[in-house]
Amino acid sequence: MRKVLLFSLIMAVVTVPAFCAQYNVLVIVGDSHVDAEAQYLQTLNNVEGISFSYEVVHINSDLGNRGTKDAVNFGKEIEKGNIKLSDYQIIWFTWNGPGHDGGYFMEGAEDAVKEFVKNGGVVWMGAFDNNFNDPDGNQVGGWFPIDEHPVTIMDTGDAPVKITSDGDSSGLFSKPNKVDMNAITLDDNFASVDKDFVILATRTDNNQPAAFVLHYGKGAYVEVCYDTRDAGKLEAAKPLLENGLYYCATLVKSAAVDPGSKLPITWGEIKR
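One gets my numbering by counting positions in the sequence shown from 1 and adding 2 to each.
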């Protein structure tokens, strides 16, 4: 009887915190047109019983390319220890986050972001520009595993969307909100993806991904090529953004995180 009671207590400890976990989200802004997206995210403190906290970082200092005066050098701040990716479970790239219009804002942060994902973190990406390259001349940049999963970005605009069976089962478009992807404005999309990309939605104009998840290490990269550059586009995308937070949290929960990692174990921390 004592063994049964002890087992029940242990199970209560390891299962209940899953619904009490707080997820720390690092919101990356590389384009001043989407400050409103970052502001909206910060209002989403609780989604379906999951708590979220936010830190917003502007990483584009080029005022001539829609940068901001308070922007930091993301790579150098990570190197100095001023930004610790291990403090977060989700990195959220707003529209045009990593670079745009010839500007690349992720130099020096590439390896840290990939390690973050390998250790169980989740990176969310809105659409971003096809018109930028990293110092090695690559689209997207080395913060995404382009060495293992080469991709291209196509210069596209809005298009109708078809949700795939994997998209239906993922919950991204249905929980907590029923999302009408055809009400959301799309922008430049990933293309030439390999078989490891799980396609959640396709564009009907070119049959390329409108949304995907790529599992990498113990974490994942999630991309939906939505556009939030003005108030109307943001308003239409709000149900998707809320769902995106919830979906990212479920991916973090399902990750088998290393005991030595600073990311939270999937069912929450046990205090000693």
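Using N, Cα and C, we set each Cβ at its ideal position, and we do this for glycine too. Computed from a predicted model, the values in this text were never measured in an experiment.
Item to complete: Would you kindly work out how many angstroms separate the C-alpha atoms of Ala257 and Val163, rounded to a whole number?
Response: 29 Å
Worksheet entry | Same chain, Cβ closer than 8 Å to Leu65, five either side skipped, listed in chain order | Only Lys71 meet the Cβ criterion.
Worksheet item: Using CA coordinates, which residue listed in Pro147, Val59, Leu28 is at the minimum distance from Ser88?
Response: Leu28
Worksheet item: Does the distance from the CB of Met127 to the CB of Val224 come in under 8 Å?
Response: yes
Discussion item. So, for Ile85: in the same chain, excluding its five sequence neighbours on each side, which residues have a beta-carbon less than 6 Å away from its beta-carbon?
Written reply: Non-local beta-carbon contacts of Ile85 in its own chain, meaning distances under 6 Å to residues more than five positions away in sequence, involve Glu79 in chain order.
Discussion item. Below 8 Å on the Cβ atoms is my contact criterion, and I expect Pro241 with Val181 to pass it. Report the Cβ-Cβ distance as a whole number of Å.
Written reply: 5 Å
Item to complete: Closer than 7 Å by C-beta to Pro178: which residues in its own chain qualify, once you throw out the five before and the five after it? Chain order, please.
Response: Val49, Glu50, Glu244, Asn245, Tyr248
Worksheet item: Residue range of the beta strand (DSSP E) that Lys164 falls in?
Response: 163 to 165
Worksheet entry | Asn98 burial status per 10 Å Cβ neighbour count (16 or more: buried) | buried
Practice prompt. Measure the CB-CB distance between Asp229 and Ala129 and report whether it falls below 8 Å.
Written response: yes
Practice prompt. Would you tell me roughly how many angstroms separate the C-alpha atoms of Asn191 and Glu81, rounded to the nearest one?
Written response: 31 Å
Discussion item. For Leu46 and Ser55, I'd like the C-alpha separation in whole angstroms.
Written reply: 9 Å
Discussion item. Based on DSSP bridge pairs, tell me the residues matched to Thr154.
Written reply: Ala193
Discussion item. Any contact between the region 193 to 208 and the region 100 to 112? By contact I mean 3 or more CB pairs, one from each, below 8 Å.
Written reply: Of all C-beta pairs linking the region 193 to 208 to the region 100 to 112, fewer than three are shorter than 8 Å, placing the two stretches out of contact.
Worksheet entry | Opening and closing residue of the beta strand (DSSP E) in which Thr70 lies | Counting along the chain, Thr70 falls outside any beta strand (DSSP E), and DSSP gives it neither H nor E.
Worksheet item: Among all the DSSP beta bridges, which residues are the ones paired with Tyr228?
Response: Leu188
Fill in: Through-space distance from Leu236 to Glu33, alpha-carbon basis
The question names Glu, but residue 33 is Asp in the sequence shown. Distance between Asp33 and Leu236, taken at the CA atoms: about 14 Å.
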